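A short worksheet on the structure shown next.
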Amino acid sequence: MKKYLPILILLLISSGLNAQKLMPPHFRGGDKAFHDFLDQNLKWPKDTLVKQGVVKVSFFVESNGTLSDIKLAQGFAPEFDKEALRVIRLSPKWVPATRGGKPIKSKYSVPIQYELTVY
Numbered sequence: 169m170k171k172y173l174p175i176l177i178l179l180l181i182s183s184g185l186n187a188q189k190l191m192p193p194h195f196r197g198g199d200k201a202f203h204d205f206l207d208q209n210l211k212w213p214k215d216t217l218v219k220q221g222v223v224k225v226s227f228f229v230e231s232n233g234t235l236s237d238i239k240l241a242q243g244f245a246p247e248f249d250k251e252a253l254r255v256i257r258l259s260p261k262w263v264p265a266t267r268g269g270k271p272i273k274s275k276y277s278v279p280i281q282y283e284l285t286v287y
């Protein structure tokens with residue numbers, strides 16, 4: 169019995185870890201809803217010659233779904249960087265990350281693709 173005790177303890181610990189499964193935060197409505205939100209709110213900076221690039225914005229999703237500490241993680245042109253930050257600040261509440269079914273604060277980052285489409 170003594171030699172099985174460590175195995176039993178290990179099994180109990182590992183099953184407890186599975187119960188603490190981490191689910192990442194996400195925009196309410198999913199990726200399509202997030203892209204629609206960006207399409208409706210992003211404005212192309214005037215008088216710019218830049219045609220395309222990616223701005224990466226990082227932030228915390230609080231346990232209540234609000235966004236905080238919104239920062240530029242990677243930029244490519246000041247006008248586009250500023251606009252990406254503005255739009256993320258407009259974002260409605262997100263669905264927070266959860267651990268073991270309970271909402272928690274988590275860090276997240278999103279790439280925002282600027283691409284000029286010529287028709």
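All the letters of the sequence shown, read from the start, carry residue numbers 169 to 287 under our numbering.
C-beta atoms are modelled at their ideal positions from N, C-alpha and C, and glycine is treated no differently.
Values in this document were obtained by computation on a predicted structure and should not be read as measured data.
(1) Grouping DSSP H, G and I as helix and E and B as strand, with all else coil, what is Leu240?
(2) Compute the Euclidean distance between the alpha carbons of Tyr282 and Lys250, then round it to the nearest angstrom.
(3) Measuring only the C-alpha atoms, how far is Lys214 from Phe244?
(4) Could you check if Leu284 is buried or exposed, using at least 16 other CB atoms within 10 Å of its CB as the buried criterion?
(5) Taking the straight line between their C-alpha atoms, what separation do you get for Arg196 and Thr266?
(6) Identify the continuous alpha helix (DSSP H) that holds Glu251 and give its terminal residues.
(7) How would you label Leu235, buried or exposed, when you count the other beta carbons within 10 angstroms and need 16 or more for buried?
(8) State the DSSP-derived secondary structure class of Lys224, mapped to helix, strand or coil.
(9) Would you kindly check if the distance between the Cβ of Ser277 and the Cβ of Phe205 is under 8 Å?
In short:
(1) Look at Leu240 here: in three-state DSSP terms it is strand.
(2) 13 Å
(3) 16 Å
(4) exposed
(5) Near 14 Å, if we compare the C-alpha coordinates of Thr266 and Arg196.
(6) That run of the alpha helix (DSSP H) goes Pro246 to Leu258.
(7) Leu235 comes out buried.
(8) Three-state result, Lys224: strand.
(9) no
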